[in-house]
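For reference, the structure is listed below as structure tokens.
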Amino acid sequence: MELTEISALLQKLSNAHGISGFESPVAKIIREEVAPYVDEIKTDKMGNLVAVKKGDDFSIMLAAHMDEIGLMVQYVDEHGFIRFIAVGGWFNPVLVSQRVLLHGEMGIVPGVLGMKPPHVMSDEDRKKPVSLADMFIDVGATSPEEVEALGITIGTPITIDREFVPLAGTCVTGKAFDNRAGCAMLIGALREMQTKHTVYAVFTVQEEVGLKGAKTSSFALNPDVAIATDVTIPGDSPGIERRKAPVFMGKGPVVVAVSASGRGHIADPRIVSWLTKTAKKFDIPVQVEIGDGGNTDASAINFERGGIPSVPVSVPARYIHSPVEVIDLKDLQAGISLLAKAVGTKPKLN
Numbered sequence: 338m339e340l341t342e343i344s345a346l347l348q349k350l351s352n353a354h355g356i357s358g359f360e361s362p363v364a365k366i367i368r369e370e371v372a373p374y375v376d377e378i379k380t381d382k383m384g385n386l387v388a389v390k391k392g393d394d395f396s397i398m399l400a401a402h403m404d405e406i407g408l409m410v411q412y413v414d415e416h417g418f419i420r421f422i423a424v425g426g427w428f429n430p431v432l433v434s435q436r437v438l439l440h441g442e443m444g445i446v447p448g449v450l451g452m453k454p455p456h457v458m459s460d461e462d463r464k465k466p467v468s469l470a471d472m473f474i475d476v477g478a479t480s481p482e483e484v485e486a487l488g489i490t491i492g493t494p495i496t497i498d499r500e501f502v503p504l505a506g507t508c509v510t511g512k513a514f515d516n517r518a519g520c521a522m523l524i525g526a527l528r529e530m531q532t533k534h535t536v537y538a539v540f541t542v543q544e545e546v547g548l549k550g551a552k553t554s555s556f557a558l559n560p561d562v563a564i565a566t567d568v569t570i571p572g573d574s575p576g577i578e579r580r581k582a583p584v585f586m587g588k589g590p591v592v593v594a595v596s597a598s599g600r601g602h603i604a605d606p607r608i609v610s611w612l613t614k615t616a617k618k619f620d621i622p623v624q625v626e627i628g629d630g631g632n633t634d635a636s637a638i639n640f641e642r643g644g645i646p647s648v649p650v651s652v653p654a655r656y657i658h659s660p661v662e663v664i665d666l667k668d669l670q671a672g673i674s675l676l677a678k679a680v681g682t683k684p685k686l687n
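Using my numbering, read the sequence shown as starting at 338 and increasing by one per residue.
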């Protein structure tokens, strides 16, 4: 795919909204994108979107989670201010002063995340870590009844009000690149691949709250091998030690051989070799990561059915789990090529 096509696809996916458990708007977009390139599409009981390219008896699962981290309405106080819980792993200070969208029964309602202004904070207030308990959402209402009239109820999902923007060169920024970048990689690979093998392209749900969709879908499909597309932290911005993040933006997708120091996932070396040799054969830039943090759908898949050989292929992304994530589209383009070429062969597992 050309960079302009990849950018347009990622923009569409990033600007869509779908927190864990509420991924259907994202799934609708993906279904439309992949339909011309697959033989079958279905949604399973968990909500995973499963697109199948039919082939021989050797099956390859490609997984990309659709969900983004977000918030959810917990209750409304007597003055119409909305209290909420976090859905997924937020760093609380990132949320302060953000605009949000509440996806209510009558449509989207804009709001702002507020907290006590610094002008009236005590010295003790200023020293405390920012807590979700200190924050609230203001939609302009003055009572619970006014909030309810807007279609907002307990359990209403909430996303950040932020849109995709190009930066200098081939870099772009937006929300939910974790993991709409991985979804774009998988969609692009479906468009380009030529293979005799069966490919299950699974766009999973609820990864950010426990890798849940990957677990159920991989059990049901029982593939011979799996690749999970996601993002990973590069060590090329201020404040990050290379030892903590030894990969870089602009140098290709990342084959994650070890995540969470092995507590999360240790990829089968034969799968890692399959991908790195494919990259070398087709002159695709690639990086290999031995990491001490993070987990992906590959971890859940690996533990199913007696052990499914699996590996993450990730796009380096700065500022993940924030509304201003940044990637280089060239890394995403190379990731598309790597997946498309790899599934044309199969790893040596025996």
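Ideal Cβ placement from N, Cα and C applies to all residues, glycine included.
All values reported here derive from a predicted model rather than from experimental measurement.
Under DSSP, the alpha helix (DSSP H) around residue i begins and ends at which residues?
i, result
"Ala-677", "666-679"
"Ala-635", "634-639"
Does the ligand GDP have even one heavy atom less than 6 Å from the beta-carbon of residue i?
i, result
"Val-680", "What this structure holds is no ligand at all, so the ligand GDP is not there to describe."
Do you know how far the Cα of residue j is from the Cα of residue i?
i, j, result
"Lys-465", "Ile-419", "22 Å"
"Ile-673", "Asp-471", "42 Å"
"Asn-429", "Val-467", "6 Å"
"Asn-516", "Gly-644", "24 Å"
"Gln-624", "Val-592", "6 Å"
"Leu-469", "Val-413", "15 Å"
"Ile-621", "Thr-615", "8 Å"
"Thr-341", "Arg-463", "45 Å"
"Glu-482", "Met-409", "18 Å"
"Pro-503", "Glu-370", "22 Å"
"Ile-495", "Ile-356", "8 Å"
"Arg-580", "Ser-598", "12 Å"
"Val-457", "Asp-475", "19 Å"
"Thr-553", "Glu-641", "9 Å"
"Gln-348", "Leu-399", "21 Å"
"Ala-551", "Ala-637", "6 Å"
"Asn-632", "His-416", "40 Å"
"Glu-339", "Met-452", "44 Å"
"Gly-525", "Ile-343", "8 Å"
"Val-446", "Phe-585", "38 Å"
"Lys-618", "Leu-350", "31 Å"
"Ile-603", "Ala-594", "6 Å"
"Val-680", "Glu-529", "11 Å"
"Leu-676", "Lys-390", "14 Å"
Could you say which of the options lies nearest to residue i if we only look at CA atoms?
i, options, result
"Ile-639", "Asp-629, Ile-664 and Asp-605", "Looking at the sequence provided, one finds Asn at residue 639 rather than Ile. The residue with the shortest Cα to Cα distance from Asn-639 is Asp-605."
"Pro-407", "Ala-401, Glu-442 and Phe-359", "At residue 407 the sequence reads Gly, which differs from the Pro that was named. It is Phe-359 whose Cα lies nearest to the Cα of Gly-407."
"Ile-608", "Val-648, Phe-619 and Ala-671", "Val-648"
"Gly-589", "Lys-614, Asp-665, Trp-611 and Ala-635", "Asp-665"
"Ser-396", "Asp-634, Ile-564 and Pro-583", "Ile-564"
"Val-433", "Val-449, Pro-622 and Glu-370", "Val-449"
"Pro-646", "Thr-490, Val-562 and Gln-411", "Val-562"
"Gly-426", "Val-680, Ala-679, Pro-660 and Asp-668", "Pro-660"
"Gly-587", "Lys-581, Ala-597 and Ile-570", "Ile-570"
"Ile-627", "Ser-596, Gly-550 and Val-371", "Ser-596"
"Asp-634", "Ile-603, Pro-583 and Leu-548", "Leu-548"
"Ile-367", "Glu-339, Arg-528, Ser-555 and Cys-520", "Cys-520"
"His-315", "Glu-405, Met-338, Ser-459 and Gly-488", "In this structure the chain extends from 338 to 687, so residue 315 is not present and cannot be described."
"Val-663", "Phe-473, Val-568 and Ala-345", "Val-568"
"Leu-686", "Val-650, Thr-553, Ser-610 and Ala-637", "Ser-610"
"Phe-514", "His-402, Glu-461 and Thr-490", "His-402"
"Gly-572", "Ser-636, Pro-653, Ser-344 and Phe-619", "Pro-653"
"Leu-612", "Pro-684, Pro-373 and Pro-454", "Pro-684"
"Pro-454", "Gly-444, Phe-473 and Pro-447", "Phe-473"
"Met-443", "Ala-486, Ser-480, Ala-478 and Thr-479", "Ala-486"
"Asp-376", "Leu-527, Gly-631 and Ala-518", "Leu-527"
"Gly-392", "Ile-378, Gln-531, Asp-381 and Ala-345", "Gln-531"
"Ala-582", "Asp-629, Phe-619 and Gln-670", "Asp-629"
"Ile-489", "His-602, Phe-619 and Gly-441", "Gly-441"
"Ala-671", "Asp-460, Met-522, Phe-421 and Gly-477", "Met-522"
So residue i is in the beta strand (DSSP E); what residue range does that whole segment cover?
i, result
"Ile-343", "First-last for Ile-343: 340-352, but that is the alpha helix (DSSP H), not the beta strand (DSSP E)."
"Thr-682", "Neither: Thr-682 is in no beta strand (DSSP E) and is coded neither H nor E."
"Val-661", "Segment: none, Val-661 is in no beta strand (DSSP E) and carries neither H nor E."
"Gly-511", "508-511"
Under a CB-based cut-off of 7 Å, is residue i close to chain B?
i, result
"Asp-381", "No chain B is part of this structure, which consists of one protein chain only."
* To do: Jot down the residue ranges of each uninterrupted beta strand (DSSP E) in the region 530-563, minimum 3 residues, whole runs only, in chain order.
  => Runs found: 535-541.
* Cβ contact (3+ pairs, closer than 8 Å) linking the region 377-386 and the region 503-517 -> With a cut-off of 8 Å, the region 503-517 and the region 377-386 do not count as touching, because too few Cβ pairs lie within range.
* Touch test, the region 569-576 against the region 435-442, Cβ-Cβ under 8 Å, three pairs minimum -> The region 569-576 and the region 435-442 do not touch, with fewer than 3 CB-CB distances between them shorter than 8 Å.
* Asked: Taking the runs of the beta strand (DSSP E) that are 3 residues or longer, which of them lie wholly in the region 355-435?
  -> Those beta strand (DSSP E) runs which fall completely within the region 355-435 and span 3+ residues are 377-380, 386-390, 396-402, 407-413 and 419-424.
* Taking the runs of the beta strand (DSSP E) that are 3 residues or longer, which of them lie wholly in the region 426-499? -> Within the region 426-499, the complete beta strand (DSSP E) runs of at least 3 residues are 436-441, 444-451, 473-475 and 494-497.
* Asked: Do three or more CB pairs link the region 540-559 to the region 488-506 at distances below 8 Å?
  -> No, the region 540-559 is not in contact with the region 488-506.
* Stretch pair the region 363-372 + the region 529-536: three plus CB contacts closer than 8 Å -> Under the 8 Å Cβ criterion, the region 363-372 does not count as touching the region 529-536, having fewer than three qualifying pairs.
* To do: Just list the beta strand (DSSP E) runs in the region 572-655, keeping only unbroken ones of 3 residues or longer that don't cross its boundaries, in chain order.
  => Listed in chain order, they are 591-596, 624-627 and 647-653.
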